[in-house]
Every structure is written in C-alpha cells, then in structure tokens.
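In case it helps, the UniProt record's numbering puts the sequence shown at residues 1 to 531. Here's the structure, in structure tokens; my notes come after.
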Amino acid sequence: MTSSPLRGTEWERTTPRLDPYSYTDGRWLHRDALQRKARRMMFDFSALCERAIRFCPGATRVVHCEKKEGRCNRVFLLTMNTGSRVVARLPTSISGPPRLTTNSEVATMAYLRGKISLPIPDILDWSDDSSNPIGTEYIIQGHAAGVPLCDIWPRMNMEQHMLCTEALSIAITELASFNFPAYGSLYFADGPLESHLKISFDQGFCIGPKCSPVFWDRSPGELELYGVPSSNCGPWQDLKSYSLGLIDTGFSRLPKRDAVNHDLLPYQGSVQDHVALINISREVMQRLVEDKRVQGAASPTLLHPDFHKRNIYVSAEDPTVITGVIDWQWASIEPAFIYANKPPDFADQPEETVETILDLDGQEVPGRSKKELKDASIRCQTYDVYMKAYAPKVQPARSLDPALFQLFHCCHTSWRDSATAIRHALVELFACWTELGLPGLCPYSPTDEELERHIRDYDDFKAVQQLKQWLKVSLNTDFDGWIPDERWDAAKDFHRAQYDIWIQTAEEMEACGDDDMTVAKAEKLWPFDAP
C-alpha cells in the first residue's frame with residue numbers, strides 16, 4: 001500500500017482531533033486520575049486500520065473513525081472509502097488476564113454462532129498476542145445491524161416492549177439449555193493455557209480458568225493493593241471445587257499490610273476481620289454444597305454476562321426483531337443460581353412507588369408513571385413465564401431462598417464490598433438455617449454482642465449504599481462515579497454542593513452532641529472523593 005490508510009480529505013474533515021490512545025469520553029468522581037491512567041493504551045493505530053482494510057473488499061483507506069469507550073475496552077467504528085464498516089475492539093489493561101480474555105470472548109462467540117437464534121457479529125480477524133504488528137490484542141468484527149435497543153426503547157409502545165422482552169427471554173432459554181462438564185470460561189482447544197488448566201469439551205473448544213477481572217485483580221489499583229492474583233481461577237469440575245475457588249480468591253484479594261488504609265470505618269473491617277469471615281464462610285459453604293437443593297440449582301450454565309439493552313441491537317423499523325448482541329467478554333460457565341436473581345434491565349422489577357428526584361439543575365424529575373409501572377409489570381411477568389416454563393436449569397434457583405446463595409456472590413470480594421456485607425450474608429443464613437431445612441447447626445453462630453455490633457455497622461453500610469444510590473440517580477452516574485465529558489462541569493458542581501450540605505449537616509449533629517454522626521465520620525462515609 002503506497003499511501004497511509006488514514007490519509008484523505010474525508011478523514012481530516014470527519015475525524016478531527018482523534019486521540020486513539022487516551023480515555024476521552026468522561027471523568028470519574030472517584031480516583032479519576034487512576035481510572036484514566038488504567039485505560040491509557042499504546043499501539044500502532046495506523047497498523048490497526050491497515051489490518052481492518054484487508055477485510056473490506058475493494059477498500060483502500062479509512063475515511064471516518066468513530067471512537068467509543070467501554071468500561072474496559074476501546075472501540076473504533078471504522079468506515080471505509082467503499083462505505084463498508086467494521087468494528088475494531090481493543091481490551092485495556094483492566095479487561096482481564098492478557099491473552100485469555102480475548103481468546104475466551106472469540107471462542108464463546110464462535111461456539112454459540114449457529115447454535116442459537118441470537119445474531120452474533122462475525123469475527124473477521126483477531127489476535128490474543130500483543131506482540132503482533134499492531135502492538136495490542138484486538139478483535140475486528142462486523143458491525144451489528146440495526147440500532148441499540150437502549151436508544152429506541154423510550155419510543156417503543158407497551159406491546160413492542162412485551163414482544164421484545166418475549167424474544168429476548170426465548171434467547172435466554174436457548175443459552176441456558178446447553179450442558180457443560182465444568183465451571184469456568186470457554187477457550188479454543190489450542191488456547192494459551194497449560195494442559196492441566198484445560199477440560200476438553202466440544203471439538204475445537206475447552207473449558208479453562210474464569211477470566212473475570214475480579215479473579216485476576218485487574219481493576220485500577222488492585223494489583224498494587226493485593227499483589228499476586230488468585231491461584232485458583234478454575235476450571236472447576238464440581239460445586240465444591242468452585243466454592244473453594246471463590247474462597248481462595250477472597251483470601252488473595254486481601255491487601256498487603258503495608259498497603260492498608262488504616263483510616264477506615266468499623267463497617268469496612270480490618271484484614272483480621274476479613275480473614276475470620278472468609279474462613280467461616282468456607283465452613284458454611286462446604287455445608288451448603290452438600291445440600292441437594294443447592295446442587296440441583298447449580299447446573300453449569302452459560303449466559304451473556306451483560307444482557308442489557310445497551311448490548312442488544314434491534315431493527316429500526318421493527319424493534320421487536322433482534323438484529324445483534326454484542327460484548328460477550330467475560331461470558332463464563334457458572335452455577336445456574338449465580339444468574340437466578342439478576343433479571344436483565346428490559347425485564348426489571350416494577351417500582352412499588354412513584355418517586356421524585358432532583359436533576360443537576362435542582363428541578364424535580366417525576367418518577368415512573370402508573371402507565372410505566374404497568375409496562376414494567378407486564379415485561380417482568382413475561383420474563384418470569386419463560387424462565388419458569390422453558391429454563392429448567394435456572395428455575396430451581398429462582399424458587400429457592402436467596403439466602404442459600406448469597407455467600408457465593410460475596411465471599412471472593414469481601415475487601416471490596418466490606419466485612420459487613422459478607423457478615424450480613426452469614427447473619428441472614430444463621431437466622432433462617434433451621435427454617436431452610438439445613439441439617440445440624442449453622443457453623444456461624446454470632447454472640448449477642450457480635451450481633452449488636454453488626455447492627456451498628458450495617459446501619460453505616462446501608463447509609464453509604466443509600467447515599468451512593470441517591471448520588472447515582474441524581475448525577476445519572478454509576479457506582480464508580482463516571483460522568484460523560486459533556487456533563488462533567490455541571491456534575492462536579494452538583495457533587496460539591498451536595499458534599500457541602502452533607503458535611504454541614506454532620507457539623508450541626510456533632511454540635512448537638514449526636515454521637516452517631518461526626519464530621520470525621522461523614523467524610524469517611526462519603527462514597528466519592530471529597531471535592
């Protein structure tokens with residue numbers, strides 16, 4: 001090729017000031033500099049474009065590039081001089097373990113394509129080896145037809161919502177129908193894994209370690225905090241070994257002592273607290289995995305890890321027709337109960353009340369109307385009918401008390417979520433152990449003093465969660481405090497104003513002799529960085 005794949009007046013006119021290497025879509029209210037640094041990438045963007053051109057017959061150059069940022073990936077929508085479009089997707093350092101994350105995502109898509117009715121984008125080219133000429137792992141895939149469901153959802157009527165929910169629920173039942181011999185992630189049979197980490201599966205595929213970032217300490221700052229990642233990331237051939245993998249990961253995610261922030265509130269817990277709680281969780285979980293009901297709800301199941309409207313594409317003319325499902329990264333084979341009580345956002349539970357919140361300008365924003373609540377109720381019921389009738393692996397877990405499974409969700413992230421979170425799961429299970437028909441005595445048996453302490457700590461834990469949820473809704477952000485660039489200034493001002501009110505309230509309470517709230521405690525309870 002004699003000319004640059006980026007050269008030409010079309011590129012210069014339609015793609016001004018493109019920075020392929022830095023995160024530019026937004027900022028964070030919590031650890032902003034660390035978050036953006038973790039998403040900084042160095043690679044040969046020109047080589048990436050050249051590679052993409054090869055898979056577009058007749059194309060000689062890229063005339064337009066739209067950069068999109070995901071939570072852990074950088075995406076480029078490349079338009080060629082022939083009009084054809086492809087998507088280049090690059091994992092950042094926080095996406096998961098090198099090589100494994102990309103290999104598993106491509107293998108999962110390859111395995112499922114043709115086996116289910118969900119349209120999955122074609123993989124045109126990929127590499128899980130960052131020593132390639134581009135200098136990074138990548139996936140080049142066909143552009144999904146249609147429009148994102150999240151964009152068209154507000155304009156759809158109640159019947160369309162129901163029909164779309166029905167089609168997507170059918171797709172979930174298809175995914176849940178596959179049988180697997182182990183828990184873990186799917187890989188190609190020749191994937192970059194040692195032989196003892198491969199469980200042969202279908203021709204050309206195997207099951208290997210779970211590639212979720214949580215198991216590999218890939219979130220910003222985690223490697224420095226925790227040190228060496230878990231040595232037990234799977235694959236696991238039975239529920240007992242799966243549960244021990246969670247426990248081992250929980251221990252591996254306790255900080256090195258010299259990295260511990262000693263300025264913590266009691267509800268967050270000391271390292272010693274977490275060690276004790278993870279140890280007792282191991283005892284409790286070994287009793288749970290022997291229960292026939294738990295075993296019956298633990299069939300190895302593969303579902304989409306983020307099956308929400310933002311990853312679903314539909315026809316612009318008929319939004320009840322599914323045209324594509326993207327982002328299969330981190331798809332893994334889990335016990336069915338892991339998915340049981342996580343309905344996708346198109347089938348979310350209706351709110352019981354219609355709430356009012358304030359937007360960034362201080363104006364009241366009405367909550368859901370009665371019509372919206374009815375719409376949500378119909379969608380929820382539609383989803384529920386299909387899960388009960390056509391998802392026999394998932395339904396047993398949905399019919400059991402969630403207390404049986406809560407430890408499987410939190411024991412491996414206890415330091416991130418707080419000692420109180422894992423202790424609460426233990427307390428709830430202890431309280432209903434006999435009622436649940438579990439044999440003998442619960443291995444966890446707190447004293448009255450420990451229960452009183454837990455109640456106090458749980459009040460602080462709930463206060464933080466409620467405060468964070470209120471800020472999340474008011475600022476239209478997520479739990480990490482991410483704000484898109486175009487709203488950053490307004491959100492930052494709103495955040496500062498609410499923080500000032502919070503601290504002022506604490507000052508008044510402290511002045512009145514209220515021991516439950518002081519300025520020092522209020523500062524620690526605030527979920528984002530102090531402005």
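Using N, Cα and C, we set each Cβ at its ideal position, and we do this for glycine too.
Tell me, please, which residues DSSP counts as bridged to residue 597. Residue 597 falls outside the range modelled here, since the chain spans only 1 to 531, and no answer is possible.
In terms of residue numbering, what span does the beta strand (DSSP E) encompassing N73 cover? One-based indexing of the sequence shown puts residue 73 at position 73. Start and end: 73–80.
DSSP three-state assignment for L360, whether helix, strand or coil: Stepping through the sequence shown from its first residue, residue 360 is reached at position 360. Low local confidence applies: a pLDDT of 49 at L360 is under 50, so the model's placement there is unreliable, with the coordinate-based value given in what follows. Coil, per DSSP.
Runs of alpha helix (DSSP H) lying entirely within the region 235–323, each at least 4 residues, in chain order: 239–252, 271–288, 292–296
Check the DSSP bridge columns for C206 and list the partner residues they point to. Within the sequence shown, residue 206 is the residue found at index 206, counting from 1. Its beta-bridge partners are Y187, S200.
Beta-bridge pairing of P148 - partner residues as DSSP gives them: Here residue 148 corresponds to residue number 148 of the sequence shown, with the count starting at 1. Y313, per the DSSP bridge assignment.
Going by DSSP, which residues form a beta bridge with D125? Translated into the one-based positions of the sequence shown, residue 125 becomes position 125. I140.
Opening and closing residue of the beta strand (DSSP E) in which L90 lies: Here residue 90 refers to the residue found at position 90 of the sequence shown. For L90, the uninterrupted beta strand (DSSP E) segment begins and ends at 85–91.
Please work out which residues of its chain come closer than 8 angstroms, Cβ to Cβ, to L149, disregarding the five sequence neighbours upstream and downstream, and give them in chain order. Here residue 149 refers to the residue found at position 149 of the sequence shown. For L149, where only same-chain residues beyond five positions count, the Cβ hits under 8 angstroms are C164, K309, R310, I312, Y313, V314, P319, F346.
Beta-carbon proximity check, T136 vs F43, cutoff 7 angstroms: Translated into positions along the sequence shown, residue 136 becomes position 136. Translated into positions along the sequence shown, residue 43 becomes position 43. Cβ distance < 7 angstroms, so T136 and F43 count as in contact.
Is it buried or exposed, K101, if we count other Cβ atoms within 10 angstroms and call 16 or more buried? By one-based count along the sequence shown, residue 101 stands at place 101. Residue identity differs from the one stated: residue 101 is Thr in this sequence, not Lys. Result: buried.
Classify S445: buried if its beta carbon has 16 or more other beta carbons within 10 angstroms, exposed otherwise. Your numbering for residue 445 matches position 445 in the sequence shown. It is exposed - the Cβ of S445 has fewer than 16 other Cβ atoms within 10 Å.
Does DSSP classify W28 as helix, strand or coil? To locate residue 28, count along the sequence shown from 1; it is residue 28. Reduced to three states, the DSSP call for W28 is strand.
Excluding the 5 residues preceding and the 5 following G83 in the sequence, name in chain order all residues of the same chain whose CB lies nearer than 8 angstroms to its CB. Along the sequence shown, read from residue 1 onward, the residue named residue 83 stands at position 83. Here the set comprises nothing.
Within this structure, are the beta carbons of A389 and C432 separated by less than 7 angstroms? If you number the sequence shown from 1, residue 389 lands on position 389. If you number the sequence shown from 1, residue 432 lands on position 432. One thing to note: A389 has its Cβ no nearer than 7 angstroms to the Cβ of C432.
Have a look at A520 and H454 and give me their C-alpha separation to the nearest angstrom. Residue mapping note: residue 520 aligns to position 520 of the sequence shown, counting from 1. Residue mapping note: residue 454 aligns to position 454 of the sequence shown, counting from 1. C-alpha separation (whole angstroms): 21 angstroms.
Residue burial classification, G440 (beta-carbon count within 10 angstroms, cutoff 16): Within the sequence shown, residue 440 is the residue found at index 440, counting from 1. With fewer than 16 Cβ atoms within 10 Å of its Cβ, G440 is classed as exposed.
Cross-strand partners of E66 (DSSP beta bridge): As a working mapping, residue 66 is identified with position 66 in the sequence shown. Looking at the DSSP assignment, E66 forms a beta bridge with L77.
Kindly indicate which three-state DSSP category W482 falls into: helix, strand or coil? Along the sequence shown, one-based indexing puts residue 482 at 482. Residue state, collapsed to three classes: strand.
Quick one: residues in its chain with C-beta nearer than 6 angstroms to the C-beta of L246, no 5 flanking neighbours on either side, listed in chain order? Walking along the sequence shown from the start, residue 246 turns up at place 246. In its chain, beyond the 5 residues on either side, C411, H412 have a beta carbon closer than 6 angstroms to the beta carbon of L246.
Own chain residues within Cβ distance below 7 angstroms of E174, not counting five before or after: One-based indexing of the sequence shown puts residue 174 at position 174. Excluding the 5 residues flanking it on each side, E174 has same chain C-beta neighbours closer than 7 angstroms at I116, S117, in chain order.
Of the listed residues G191, R31, G70, H495, nearest to Y23 (C-alpha basis): Here residue 23 corresponds to residue number 23 of the sequence shown, with the count starting at 1. Here the closest residue by C-alpha is G70.
At what residue ranges does the region 419–504 contain a whole run of the beta strand (DSSP E), taking only runs of 3 or more? 482–484
Should E224 be labelled buried (16 or more other beta-carbon atoms within 10 Å of its own) or exposed? Taking the sequence shown and counting its residues from 1, one reaches residue 224 at position 224. E224 is exposed by the Cβ-count criterion.
Are the beta-carbon atoms belonging to A336 and R398 less than 7 angstroms from one another? By 1-based counting over the sequence shown, the position of residue 336 is 336. By 1-based counting over the sequence shown, the position of residue 398 is 398. No, Cβ-Cβ distance for A336 and R398 is not below 7 angstroms.
Note the first and the last residue of the continuous beta strand (DSSP E) segment covering I333. Translated into positions along the sequence shown, residue 333 becomes position 333. From DSSP, the beta strand (DSSP E) with I333 extends over 333–335.
Comparing C-alpha positions only, which one of L438, K492, I207, T323 sits nearest to P119? As a position in the sequence shown, residue 119 is number 119, starting the count at 1. If we check each option's Cα against that of P119, T323 comes out closest.
Got a sec? Which residues, its chain only, sit under 7 angstroms from R423 by beta carbon, not counting five neighbours each side? On the sequence shown, residue 423 is found 423 positions in, with the first residue counted as 1. Excluding sequence neighbours, R423 sits near L277, H454.
If you pair each beta-carbon of the region 457–471 with each one of the region 513–530, do three or more pairs fall below 8 angstroms? yes
I need the DSSP call for V394, collapsed to helix, strand or coil. What you label residue 394 is simply residue 394 of the sequence shown in a count that begins at 1. Residue state, collapsed to three classes: coil.
Contact under 7 angstroms by Cβ, I207 with G184: Walking along the sequence shown from the start, residue 207 turns up at place 207. Walking along the sequence shown from the start, residue 184 turns up at place 184. Yes.
Rank Q35, H64, M41, R40 by C-alpha distance to the C-alpha of C49 and give the top, closest one. Within the sequence shown, residue 49 is the residue found at index 49, counting from 1. Nearest option by C-alpha distance: H64.
Do you know how far the Cα of W470 is from the Cα of G481? Start at 1 with the first residue of the sequence shown, and residue 481 comes out as number 481. Start at 1 with the first residue of the sequence shown, and residue 470 comes out as number 470. Their Cα atoms are separated by approximately 12 angstroms.
What whole-angstrom Cβ distance do Y138 and A88 have, given they're in contact under 8 angstroms? Taking the sequence shown and counting its residues from 1, one reaches residue 138 at position 138. Taking the sequence shown and counting its residues from 1, one reaches residue 88 at position 88. Right, the Cβ-Cβ distance comes to about 6 angstroms (below 8 angstroms), so this counts as a contact.
Which same chain residues end up closer than 6 angstroms to G296 when comparing Cβ atoms and leaving out the 5 residues on each side of it in sequence? For this step, residue 296 is matched to residue 296 along the sequence shown. Only P396 meet the Cβ criterion.
From the DSSP output, in three-state form, read off residue 551 for me. Residue 551 lies beyond the range of the chain shown here (1 to 531); nothing can be said about it.
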